[in-house]
Amino acid sequence: MKRRVAILISGRGSNMAALIKGAAAPDFPAEISLVISNKADALGLETAKARGVKTLVIESKPFGKNRAGFETVLQTALDQHGIELICLGGFMRLFTAEFTKAWYGRMLNIHPSLLPSFPGLDPHGQALRAGVKLSGATVHFVIPETDAGPIVMQGAVPVSDHDTGATLSERILEIEHRIYPEALRLLAAGKIRIEGDVCKTAGGGPSENFLIAPVAN
Ligand code: GAR
C-alpha cells in the first residue's frame, strides 16, 4: 500500500511539482493524496489541479496568532483524507510545538541551505554574505525549532564569486527538486530511522562524488 502524503504550500509550489512527478513512478512507495495551501492565491494550487491532485485552501490569516486554531482545522482535513506523511514545500507558517511533536518522524521540510548553516529567512543571501564556496539544500524532519531537525538528505552546489541571490537560488532549486522526492521515497519505504537527533539510512552510503570549489584556472 502506498503511503498517503499531503504537501503543504504557500506559494509557487515547484518542490510540490517535483514531488508529484517523482511519486508518479509506478514503484514509488507514496502517493500525493492532497495539496493544502494556507493562501488562496498560491500559484502551486493551479499546478496541483492540472496534475490531477486534490487541493484544499485553509487560509491561515484569519487565525492571526492563534496557531493552534489553524492547526485544528488542518488536522481535521489531514484526518479526513487519511494522511500519513506531510511534506512542507515552501510552507511559510510556523507550527506550534504540539503540532510538530504530534507529526514527529512523519513530517519533512526542505530548506535551501546546507543546514545547520543558514536557517530562517534569506538563506541564499546569508550564504553569499558568509562567502561559503559550497551551499545546497537539506531535507529534514520537522521539530519545533525552525529549519532544524534530523537531516534526511542533502545536496550540494558550488557557489561562485559572480553569484547573486537569484542565480544561487536557481542552482539550489535544481538540487531541491532532485533530493526531495528521493528523501520521501526513503521515508515512505521505511528505509530511514531516527536515532537520537540523527537520521540513519538503511543500506545508505556516501556518494562517490567530491565537490570542490573554487576550481582555479
Ligand atoms: C524553496 O526554495 C524551499 O526550499 C524554501 O522555499 C522555497 C519554496 O519554493 N523553503 C524555505 O525556505 C523553508 N524555510 P517552491 O514553492 O517553489 O517549492
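For the sequence shown, the working numbering assigns the number 1 to the initial residue and increments by one for each residue that follows. Glycine residues also receive a C-beta, built at the ideal position from the N, C-alpha and C atoms.
beta-carbon residue i near the ligand GAR non-hydrogen atom, thresh 7 Å
i           : result
residue 16  : yes
residue 147 : yes
residue 29  : no
residue 66  : no
residue 9   : yes
Rounded Cβ spacing between residue i and residue j (contact assumed at less than 8 Å)
i           : j           : result
residue 108 : residue 88  : 7 Å
residue 3   : residue 188 : 4 Å
Cβ shell of residue i (< 6 Å), same chain only, five flanking positions each side left out
i          : result
residue 92 : 10
residue 67 : 96
Proximity of residue i and residue j at Cβ, strictly below 8 Å
i           : j           : result
residue 148 : residue 115 : yes
residue 139 : residue 179 : yes
residue 8   : residue 184 : no
residue 44  : residue 35  : yes
residue 168 : residue 111 : no
residue 152 : residue 186 : yes
residue 176 : residue 38  : no
Neighbourhood of residue i by C-beta distance below 7 Å, restricted to the same chain and skipping five residues each side
i           : result
residue 17  : 47
residue 211 : 134, 156, 158
8 Å CB neighbourhood of residue i in its chain, flanking five on each side removed
i           : result
residue 100 : 107, 142, 143, 144
Extract the residue ranges of the alpha helix (DSSP H) inside the region 90-119, only unbroken runs of 4 or more that lie entirely within it.
97-102
Worksheet entry | Every unbroken alpha helix (DSSP H) inside the region 27-60 [4 residues or more] | 44-50
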